[in-house]
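> Count along the sequence shown from 1, add 361, and you get the number used in the numbering used here. C-beta: ideal position from N, C-alpha, C; glycine also. Let me give you the structure first, and then I'll get to my questions.
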Amino acid sequence: MRIPMIAGNWKMNTTVSEATELINEIGPGLEEVEGIEKVICPPFVSLCAAGDLVQESTIKLGAQNVFYEEKGAYTGEVSAPMLAELVEYVIIGHSERRQYFHETNEIVNKKVKAAKKAGLKPILCVGETLKEREAGQTKEVVTGQVKESLAGVEKLNGLVIAYEPVWAIGTGKAATGKQANETIGLIRSAISQLYGKDIAQKTRILYGGSVTPANVVEFMKEPEIDGALVGGASLKAIDFLSICTQTASLGK
Ligand code: 13P
């Protein structure tokens with residue numbers, strides 16, 4: 362019912378020529394992986410070149426951020442209509458943006474609405490910090506982020522959610538499959554409350570945080586987990602290919 366998705370978030374890595382090289386490295390192998398959706402999210406400046414390279418392929422593109430205004434005097438920002446010519450997906454509300462660029466749920470909500478209006482599919486990121494987890498606030502924080510980020514959003518229409526516990530991002534300390542499955546189940550319940558059971562069953566919810574070829578199966582075996590948002594390992598062609606191949610071979 363839910364097609365698994367593996368999305369690579371390249372973060373602030375790769376120049377245009379390095380991005381081109383990486384796509385050329387992963388392209389042929391990825392093309393052979395069937396039954397899952399394969400998405401790469403290079404930096405803005407590489408999206409045009411990436412678009413040319415994946416044009417004839419099954420690899421889809423995503424951006425890593427978007428501004429909520431359509432156009433105007435917002436020096437340095439990139440709007441949803443601009444991205445809509447280049448990508449299908451856009452990551453919104455990543456914890457690094459929340460942490461370093463002070464994005465609140467309110468801002469994330471505006472970005473989700475702007476992206477949807479332009480026809481983009483958001484990959485909405487949520488996740489608790491270690492302090493919040495240790496204080497027993499995981500459910501409250503994560504479902505709160507989901508609800509506030511989706512306030513006033515009438516239809517999800519292909520929106521994807523990524524559960525990324527902050528303590529697991531770039532630390533090598535991934536959550537366990539069980540931990541991720543449990544929290545993703547809570548997120549699905551929140552979606553069910555907001556949009557009904559049917560939509561909740563159709564909505565893909567990914568896990569992100571130190572996903573590697575060595576642990577991806579542990580996550581993908583869990584019933585609530587529909588894929589992965591991969592950071593570091595998406596920059597190594599051999600690792601990203603392995604993550605995609607292993608996910609596809611589970612035939613979920
Ligand atoms: P890592 O896979 O490097 O932990 O990053 C996860 C992430 O933030 C993906 O968006």
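By DSSP's criteria, residue 464 is part of a beta bridge. Which residues make up the other side?
Partner(s): none; residue 464 has no beta bridge.
> Any idea which residues DSSP pairs residue 503 with across the strands?
Answer is none; residue 503 lacks a bridge partner.
> Would you mind sorting residue 378 into buried or exposed? The rule is 16 or more other CB atoms within 10 Å of its CB.
Counting Cβ neighbours within 10 Å, residue 378 comes out exposed, since fewer than 16 surround it.
> Per DSSP, which one or two residues make a beta bridge with residue 483?
Answer by DSSP bridge pairing, in chain order: 451.
> Within 8 angstroms, do at least three Cβ pairs link the stretch 472-487 to the stretch 507-527?
The stretch 507-527 is in contact with the stretch 472-487.
> Quick one: give me the first and last residue of the alpha helix (DSSP H) that residue 426 is part of.
From DSSP, residue 426 is part of no alpha helix (DSSP H); its letter is neither H nor E.
> Considering residue 411, what are the terminal residues of the alpha helix (DSSP H) in which it resides?
Note, residue 411: alpha helix (DSSP H), 408-415.
> Assuming residue 371 contacts residue 409 (C-beta within less than 8 angstroms), just tell me the rounded distance between them.
That pair is no contact at about 15 angstroms.
> Under DSSP, the beta strand (DSSP E) around residue 362 begins and ends at which residues?
Run containing residue 362: none; DSSP gives neither H nor E here.
> Per DSSP, what kind of secondary structure is residue 348 in: helix, strand or coil?
As displayed, the chain neither begins before 362 nor continues past 613, which places residue 348 out of reach and without an answer.
> Helix, strand or coil for residue 517? Go by DSSP, reduced to three states.
Correct three-state label for residue 517: coil.
> Looking at residue 365: is its Cβ nearer than 9 angstroms to the Cβ of residue 392?
The answer is no: Cβ separation not under 9 angstroms.
> Residue 385: buried (16+ other C-beta within 10 angstroms of its C-beta) or exposed?
Answer is exposed; the Cβ neighbour count stays below 16.
> Alpha helix (DSSP H) containing residue 399: first to last residue?
No alpha helix (DSSP H) contains residue 399, which is instead part of the beta strand (DSSP E) from 398-402.
> Could you name each continuous alpha helix (DSSP H) segment of 4 residues or more that falls completely within the stretch 520-557, going from the start of the chain to the end?
Correct list: 538-556.
> Drop a sphere of 10 angstroms on the beta-carbon of residue 446, count the other beta-carbons inside from all chains shown, and report buried for 16 or more, exposed for fewer.
Label assigned to residue 446: exposed.
> How far does the alpha helix (DSSP H) with residue 390 in it reach, from first residue to last?
Counting along the chain, the alpha helix (DSSP H) containing residue 390 begins and ends at 377-392.
> Can you name, in chain order, every residue of its own chain whose Cβ lies under 6 angstroms from the Cβ of residue 425, other than the five neighbours on each side?
Cβ neighbours of residue 425 beyond the five flanking positions: 402, 452.
> Can you tell me where the alpha helix (DSSP H) with residue 575 in it begins and where it stops?
Taken as a continuous stretch (DSSP letters only), residue 575 belongs to no alpha helix (DSSP H), as it is neither H nor E.
> Going by beta carbon distance, what residues of the same chain come within less than 6 angstroms of residue 583, once the five residues before and after it are set aside?
So the list reads 538, 542, once near-sequence residues are dropped.
> What residue range is occupied by the uninterrupted alpha helix (DSSP H) comprising residue 586?
Per DSSP, residue 586 belongs to no alpha helix (DSSP H) and is neither H nor E.
> Could you pull the start and end residues of the beta strand (DSSP E) that residue 567 belongs to?
Counting along the chain, the beta strand (DSSP E) containing residue 567 begins and ends at 566-569.
> Out of 540, 434, 552, which has the shortest C-alpha to C-alpha gap to residue 494?
That would be 540, whose Cα lies nearest to the Cα of residue 494.
> Report the rounded CA-to-CA distance for residue 625 versus residue 545, giving the unit in angstroms.
With the chain represented from 362 up to 613, any question about residue 625 goes unanswered, as that position is not in the structure.
> Just tell me which of 500, 585, 442, 595 has its CA closest to the CA of residue 388.
Comparing Cα positions, the closest option is 595.
> Within 10 angstroms of its Cβ, does residue 396 collect 16 or more other Cβ (buried), or is it exposed?
Exposed, since its Cβ has fewer than 16 Cβ neighbours within 10 Å.
> Would residue 617 and residue 535 qualify as a contact pair, given that the criterion is a beta-carbon distance under 9 angstroms?
Only positions 362 to 613 of the chain appear in this structure, which leaves residue 617 out of reach.
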